[in-house]
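Residue numbers (our numbering), protein chains in the order written: chain X, 344 to 534; chain E, 5 to 317. Here is the structure we will look at.
And the structure:
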């Protein structure tokens with residue numbers, strides 16, 4: 344991992360399909376410090392503090408009252424991501440404000456969870472940066488995410504702590520996720 | 005303990021001094037067995053005792069030992085004494101008077117930073133020339149290795165030109181961030197360091213020289229890699245040449261516009277970079293958009309999903 348002298352290590356941007364992120368609700372924190380990073384462990388055992396997604400922006404909306412607060416819906420072959428960008432992510436917010444859906448968009452951001460009154464956990468992505476990209480980039484992302492998800496499914500059978508935690512918490516149905524990957528890839532071939 | 009005694013005796017014999025074995029043994033025995041001194045510390049103590057007794061200068065005692073010759077990339081341990089055959093790739097400005105020279109040495113295997121102490125009284129080395137550096141000490145700081153030339157070091161110029169190996173590395177992934185200090189920047193005319201708010205860390209307020217560079221972060225979902233693009237690579241890759249960048253900055257009255265444009269061109273897309281490894285960075289020689297057909301990968305991953313997941317545990 345990249346070490347830059349100060350002991351700070353940049354978090355990897357994990358590749359996760361929308362269908363998997365939607366199911367994620369296991370928070371983890373390393374260390375007791377209030378500034379230790381928060382992680383979201385997904386059903387296939389990705390321990391994500393940051394994600395990288397590419398999909399089609401289909402809807403956007405400014406839900407801010409005083410200042411702008413943008414929310415967008417980004418669709419991949421398996422479902423939809425919710426992405427937000429407010430005053431603390433001015434660059435990402437500007438991109439979202441200027442965009443004209445439908446458009447291919449790449450997002451780097453932090454997964455956050457929100458619990459509704461009914462007790463449902465919603466996952467959305469607080470965008471760090473957001474950029475309009477082309478279709479080829481989106482296709483490459485789908486393939487890469489499929490590949491990495493498959494690798495995680497293999498690891499999920501192993502004894503790594505994240506894999507064990509994910510397995511215990513979600514009792515992940517491996518077949519279901521394999522089918523999701525196959526479906527995502529299948530959608531690329533049809534076109 | 006007997007081993008240590010023999011070594012000490014043999015070493016002194018080389019210098020023409022016959023030390024009584026029994027004397028060494030008695031001292032070692034007392035230190036190690038009676039006073040519980042660790043063997044290495046005892047060796048040091050006994051050696052020093054005889055050095056003083058026979059009036060042998062320490063430098064003479066320690067220099068003559070041959071240190072193993074190693075390659076620059078083999079330096080992976082702190083506090084080792086080695087000999088290097090290297091070319092002086094670069095000399096840096098020293099930032100303290102106790103250092104007479106600092107810079108980068110290189111051989112076929114790679115490069116390593118060096119520092120030469122003023123107190124060592126060694127001859128100056130020249131950039132581009134090759135030398136044998138006998139007896140240098142390795143040191144480590146936060147995972148990075150360097151060597152220091154001290155007063156026991158010998159520098160022997162050699163008439164050949166050592167080819168400095170730059171093992172090319174390749175990295176594929178998406179650019180996920182462009183770091184501050186990228187785009188149109190100003191450098192200190194004296195030390196070439198990037199200015200922060202118009203001031204150089206070393207030389208204070210200076211009239212900077214414009215330059216273009218990109219410090220970016222690439223990520224393939226499993227590993228993060230920092231990359232560094234110099235002016236040539238940045239110009240060729242973004243299509244923004246330095247003059248154009250200056251124009252853009254003047255027009256917008258803001259240097260940051262260049263960075264914004266670069267960001268919107270690069271971030272979120274897939275690239276293949278090749279270059280040389282430098283600390284945590286890859287110094288980019290070439291960067292291309294990743295256009296490898298994805299059909300192959302689709303087949304491969306589909307095959308993997310169809311197969312039953314292997315049980316590792």
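In this text, a Cβ means the ideal position worked out from N, Cα and C, and glycines have one as well. These numbers come from a predicted model, not from an experiment.
How would you list, in chain order, the residues of chain X whose beta-carbon sits under 7 angstroms from the beta-carbon of residue 309 (chain E)? Within chain X, the residues whose beta carbon sits less than 7 angstroms from that of residue 309 (chain E) are 493, 521, 524 and 525, listed in sequence order.
At the 8 angstroms Cβ level, is residue 132 (chain E) part of the contact set with chain X, yes or no? Not an interface residue.
In the DSSP assignment, the beta strand (DSSP E) including residue 5 (chain E) goes from what residue to what residue? Looking at the DSSP string, residue 5 (chain E) is not in any beta strand (DSSP E), and its letter there is neither H nor E.
Using a Cβ-Cβ cut-off of less than 7 angstroms, give me the residues of the stretch 111 to 123 of chain E that come near chain X, in sequence order. The residues in question: there are none.
Start-to-end residues for the alpha helix (DSSP H) that takes in residue 455 (chain X): No alpha helix (DSSP H) holds residue 455 (chain X); the beta strand (DSSP E) holding it covers 446 to 458.
Run down chain X in chain order and give the residues with a C-beta less than 7 angstroms from the C-beta of residue 95 (chain E). Under the 7 angstroms cutoff, chain X gives no residues; its nearest Cβ is about 22 angstroms from residue 95 (chain E).
Tell me whether residue 289 (chain E) sits in a helix, a strand or coil according to DSSP, three-state version. The answer is strand: DSSP assigns residue 289 (chain E) an E or B state.
Do you know offhand how far residue 13 (chain E)'s Cα is from residue 25 (chain E)'s? For residue 13 (chain E) and residue 25 (chain E), the distance between alpha carbons rounds to 7 angstroms.
Got a sec: is the Cβ-Cβ distance from residue 487 (chain X) to anything in chain E below 8 angstroms? With 8 angstroms as the cut-off, residue 487 (chain X) counts as an interface residue toward chain E.
State buried or exposed for residue 267 (chain E), treating a residue as buried only when at least 16 other CB atoms are found within 10 Å of its CB. It counts as buried.
Quick check on the DSSP output: the beta strand (DSSP E) that includes residue 161 (chain E) runs from which residue to which? Its beta strand (DSSP E) spans residues 158 to 162.
Does any residue of chain E bring its CB to less than 8 angstroms from the CB of residue 476 (chain X)? Flagged as an interface residue toward chain E: residue 476 (chain X), by a C-beta distance shorter than 8 angstroms.
What number of angstroms, rounded off, separates the C-alpha of residue 1 (chain E) from the C-alpha of residue 222 (chain E)? Residue 1 (chain E) is absent from the structure shown; chain E starts at 5 and stops at 317.
Cβ-Cβ distance between residue 46 (chain E) and residue 32 (chain E) below 8 angstroms: By the CB criterion at 8 angstroms, residue 46 (chain E) and residue 32 (chain E) fall inside the cutoff.
Under a CB-based cut-off of 8 angstroms, is residue 400 (chain X) close to chain E? No, its Cβ sits nowhere closer than 8 angstroms to a Cβ of chain E.
To test your reading of the DSSP string, which unbroken beta strand (DSSP E) runs of 3 or more residues are found completely within the stretch 76 to 137 of chain E? List check, beta strand (DSSP E) in window: 85 to 96, 103 to 111 and 114 to 121.
Using a cut-off of 7 angstroms between C-beta atoms, extract the partners of residue 357 (chain X) located in chain E. Result: 225.
Verify whether the separation of the beta carbon atoms of residue 186 (chain E) and residue 95 (chain E) is less than 8 angstroms. Going by beta carbons, residue 186 (chain E) and residue 95 (chain E) fall outside the 8 angstroms limit.
Return the Cβ separation of residue 142 (chain E) and residue 81 (chain E) in integer angstroms, given the expectation that the two are a contact with Cβ distance under 8 angstroms. About 6 angstroms separates the CB atoms of residue 142 (chain E) and residue 81 (chain E); that is less than 8 angstroms, so the two are in contact.
Taking the Cβ atom as the reference point for each residue, do residue 149 (chain E) and residue 180 (chain E) lie within a distance shorter than 8 angstroms? Cβ distance not < 8 angstroms, so residue 149 (chain E) and residue 180 (chain E) don't count as in contact.
What does residue 148 (chain E) pair with, by DSSP beta-bridge criteria? Residue 148 (chain E) pairs with E:145.
Look at residue 499 (chain X) and residue 517 (chain X) and say whether their C-beta atoms are less than 8 angstroms apart. At the C-beta level, residue 499 (chain X) and residue 517 (chain X) come within 8 angstroms of one another.
Residues that residue 233 (chain E) bridges to, as DSSP identifies them: Answer is E:218.
Please name the residue, chosen from E:261, E:50, E:233 and E:189, that lies closest to residue 30 (chain E) on a Cα-to-Cα basis. Out of E:261, E:50, E:233 and E:189, E:50 has the C-alpha closest to the C-alpha of residue 30 (chain E).
What's the call for residue 405 (chain X), buried or exposed, on a 16-neighbour Cβ count within 10 Å? Burial call: exposed.
Which ranges would you report for the beta strand (DSSP E) in the stretch 369 to 425 of chain X if only whole runs of at least 3 residues count? Within the stretch 369 to 425 of chain X, the complete beta strand (DSSP E) runs of at least 3 residues are 369 to 372, 381 to 384, 393 to 405 and 413 to 419.
Quick one: residues in its chain with C-beta nearer than 8 angstroms to the C-beta of residue 529 (chain X), no 5 flanking neighbours on either side, listed in chain order? Within the same chain, and ignoring the five residues on either side of residue 529 (chain X) in sequence, no residue has its Cβ closer than 8 angstroms to its Cβ.
With a CB to CB cut of under 6 angstroms and the five nearest residues on each side skipped, what residues in its chain are close to residue 87 (chain E)? For residue 87 (chain E), where only same-chain residues beyond five positions count, the Cβ hits under 6 angstroms are 71, 73 and 138.
Would you tell me roughly how many angstroms separate the C-alpha atoms of residue 510 (chain X) and residue 496 (chain X), rounded to the nearest one? Spanning the two alpha carbons is a distance of roughly 10 angstroms.
Looking at the C-beta of residue 395 (chain X), does it have a partner C-beta in chain E at a distance below 8 angstroms? Using a CB distance cut-off of 8 angstroms, residue 395 (chain X) counts as an interface residue toward chain E.
Using a Cβ-Cβ distance cut-off of 8 angstroms, determine whether residue 482 (chain X) contacts chain E. At least one chain E Cβ lies under 8 angstroms of residue 482 (chain X).
Please classify residue 120 (chain E): is it buried, with 16 or more other beta-carbons within 10 angstroms of its beta-carbon, or exposed? It counts as buried.
For the beta strand (DSSP E) that residue 321 (chain E) lies in, which residues bound it at each end? The first residue shown for chain E is 5 and the last is 317, placing residue 321 (chain E) beyond what the model contains.
Flag residue 181 (chain E) as yes if its beta-carbon sits less than 8 angstroms from any beta-carbon of chain X, otherwise no. So yes, residue 181 (chain E) belongs to the interface.
Which same chain residues, not among the five before or five after residue 250 (chain E), have their C-beta less than 8 angstroms away from its C-beta? Cβ-Cβ distances below 8 angstroms link residue 250 (chain E) to 188 and 214 in the same chain, with the five nearest sequence neighbours on each side left out; the list follows chain order.
Count the other C-beta atoms from every protein chain shown that fall within 10 angstroms of the C-beta of residue 485 (chain X), then say buried if there are 16 or more, exposed otherwise. In summary, residue 485 (chain X) is buried, with 16 or more beta-carbon neighbours lying within 10 Å of its beta-carbon over all protein chains present.
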